[in-house]
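To convert, note that position 110 of the sequence shown is 110 in the UniProt record's numbering; the numbers rise steadily by one, no gaps.
Just so you know, even glycine gets a beta-carbon here, dropped at the ideal spot from N, CA and C.
One structure below.
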Amino acid sequence: MTLRYLLDTTICIFIIKNKPAAVRERFAGLRPGAVGLSAVTEAELLHGVYKSARIEHNLAAVLDFASQLVVVPFDSQVADAYGRIRAELEKAGQPIGPLDFQIAATAVAHGLILVTNNTCEFARVPDLKIEDWTL
Numbered sequence: 001m002t003l004r005y006l007l008d009t010t011i012c013i014f015i016i017k018n019k020p021a022a023v024r025e026r027f028a029g030l031r032p033g034a035v036g037l038s039a040v041t042e043a044e045l046l047h048g049v050y051k052s053a054r055i056e057h058n059l060a061a062v063l064d065f066a067s068q069l070v071v072v073p074f075d076s077q078v079a080d081a082y083g084r085i086r087a088e089l090e091k092a093g094q095p096i097g098p099l100d101f102q103i104a105a106t107a108v109a110h111g112l113i114l115v116t117n118n119t120c121e122f123a124r125v126p127d128l129k130i131e132d133w134t135l
């Protein structure tokens with residue numbers, strides 16, 4: 001199966017916590033290999049784990065979840081997209097969060113659909129395809 005979707009951090013948390021259930025159901029209906037997360041999102045999830053009160057429990061949940069996905073690295077292709085996107089949005093006076101730039105660049109560089117409920121911010125990114133599974 002070809003990688004098609006890239007999940008942002010909030011969507012990953014929704015799936016892990018099974019809230020809202022509709023997001024988890026949409027994820028469960030996809031074939032293995034169709035869904036990935038960026039290495040940046042993986043880092044954000046692990047940051048949340050290590051600052052939590054239940055590190056062992058949350059680490060197990062995140063690792064189990066991530067094992068079902070393709071982790072897309074931040075490579076030279078993504079770095080190029082990041083530089084272009086960030087420069088363009090900063091010139092337009094419409095920057096997004098620093099980690100969101102990296103997640104968006106990963107999706108754009110690999111031609112993936114970014115699944116997010118933060119459509120207002122990510123809609124500013126040129127050439128980025130987005131879907132909101134919470135609707």
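To the nearest angstrom, how far is the alpha carbon of residue 8 from that of residue 75?
To locate residue 8, count along the sequence shown from 1; it is residue 8. To locate residue 75, count along the sequence shown from 1; it is residue 75. Straight-line Cα distance between these residues: approximately 18 angstroms.
Would you kindly report the start and end of the unbroken beta strand (DSSP E) that includes residue 62?
Locating residue 62 in the sequence shown gives position 62, counting from the first residue. Residue 62 -> not in any beta strand (DSSP E); alpha helix (DSSP H) instead, spanning 55-66.
**Message:** To test your reading of the DSSP string, which unbroken alpha helix (DSSP H) runs of 4 or more residues are found completely within the UniProt domain "PIN" (5-126)?
**Reply:** Qualifying alpha helix (DSSP H) stretches, in chain order: 9-17, 21-28, 39-50, 55-66, 76-91, 98-110, 119-122.
> Looking at residue 73 and residue 28, is the spacing between their C-beta atoms short of 8 angstroms?
Replying inline: Position 28 of the sequence shown, counted from the first residue, corresponds to residue 28. Position 73 of the sequence shown, counted from the first residue, corresponds to residue 73. No, these two residues do not count as a Cβ contact at 8 angstroms.
Self-check item: Backbone CA spacing between residue 91 and residue 85 [nearest angstrom]
Solution: The residue given as residue 91 occupies position 91 in the sequence shown. The residue given as residue 85 occupies position 85 in the sequence shown. Those two C-alpha atoms are separated by around 10 angstroms.
Tell me which residues share the same chain as residue 119 and place their Cβ nearer than 8 angstroms to its Cβ, disregarding the 5 neighbours each side in the sequence.
Against the sequence shown, residue 119 aligns to sequence position 119. Excluding sequence positions up to five before and after residue 119, its CB lies within less than 8 angstroms of the CB of 130, 132, all in the same chain and listed in chain order.
Exercise for review: Whole angstroms is fine: what's the gap from residue 128's alpha carbon to residue 57's?
Suggested key: As a first step, residue 128 must be located in the sequence shown, where it is residue number 128. As a first step, residue 57 must be located in the sequence shown, where it is residue number 57. Spanning the two alpha carbons is a distance of roughly 34 angstroms.
| query | Would residue 151 be called buried (16 or more neighbouring beta carbons within 10 Å of its own) or exposed? | reply | Shown here, the chain extends from 1 to 135; a query on residue 151 therefore has no answer.
query: Can you tell me the Cα-Cα spacing of residue 47 and residue 60, whole angstroms?
result: Residue 47 sits at position 47 when you count from the first residue of the sequence shown. Residue 60 sits at position 60 when you count from the first residue of the sequence shown. Each residue's Cα considered, the two are about 14 angstroms apart.
**Item:** C-alpha gap between residue 36 and residue 17, whole angstroms
**Value:** To locate residue 36, count along the sequence shown from 1; it is residue 36. To locate residue 17, count along the sequence shown from 1; it is residue 17. So the alpha carbons of these two residues sit roughly 18 angstroms apart.
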